[in-house]
């Protein structure tokens, strides 16, 4: 767990996005170091697209930012073309060594953005309280397979609120080993369901499984946290799949992809921590 606490010990996840499945097989996880992106990027790497499907969720309007500000936990939007219109949730922010700010979300959110505008770079947008959507960046990485479901958005513009502490004081990030040894509570922030916490079930590779969190479709990409006994939180990953329906029925289980590997390999600094 990359926190102040551990250092002291050493020294003395419109219509919501349909998720259901835990991932798609076929593409090996990306492990190579990503070069820090230039100020403007038009390149994106995606796995084969998986067609979304509409979900009927009456009375479940997505949460939106009260002002035009991007930050962890707010709703992101894919332009509506035909019957498809999707909401995801924005995850944690980080900074490359060259100063470029990026944000994490789920890989399948990038797939939907690419389907909406196949002839141009997939654009990330956020929802405002007025019901409009505003572009704030482009996807520069998207991976979706059985091992991970994660995307990185290159943030453009200055209205960024890197609210890593959307649920509590965040002191750093946690690795798979940290989670296995410490067995903390798992908490998420979703654009549709807000803040909720549950039980860590298992950690397999770069995937985390939980139980007891009523996350629903549309919370995809939202920040996932570990809550430790001393009351502090660490960043864990982004929401991938959920097993609770909009009416509240389901198992309350779900999965996330860890962000630790991307942070370490690319020498990123997690933003918004204490």
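Residue numbers (mature numbering (1 follows the signal peptide of the UniProt record, and there is no 0)): -21 to -1, 1 to 253. Just so you know, even glycine gets a beta-carbon here, dropped at the ideal spot from N, CA and C.
Item                                                                                                                          : Value
Along the alpha helix (DSSP H) that carries residue 255, what are the first and last residues, could you check?               : Outside the shown range of the chain, which is -21 to 253, sits residue 255, and nothing can be said about it.
Can the beta-carbon of residue 198 be found closer than 8 Å to that of residue 234?                                           : no
State the Cα-Cα distance for the pair residue 152 and residue 170, rounded to the nearest angstrom.                           : 21 Å
How would you call residue 112, buried or exposed, if buried means at least 16 neighbouring beta carbons within 10 angstroms? : buried
At a Cβ threshold of 8 Å, is residue 200 touching chain C?                                                                    : Here there is only one protein chain, and chain C is not present.
Just the C-alpha distance for residue 186 and residue 119, rounded to the nearest angstrom, thanks.                           : 21 Å
What's the gap between the Cα of residue 134 and the Cα of residue 78?                                                        : 11 Å
Short check: CB of residue 157 to CB of residue 219, under 8 Å?                                                               : no
Taking only three categories from DSSP, how would you classify residue 164?                                                   : strand
Comparing alpha-carbon positions, which option in 130, 168, 196 lies nearest residue 147?                                     : 168
Compare the C-alpha of residue 240 against each of 126, 210, 117 and name the closest.                                        : 126
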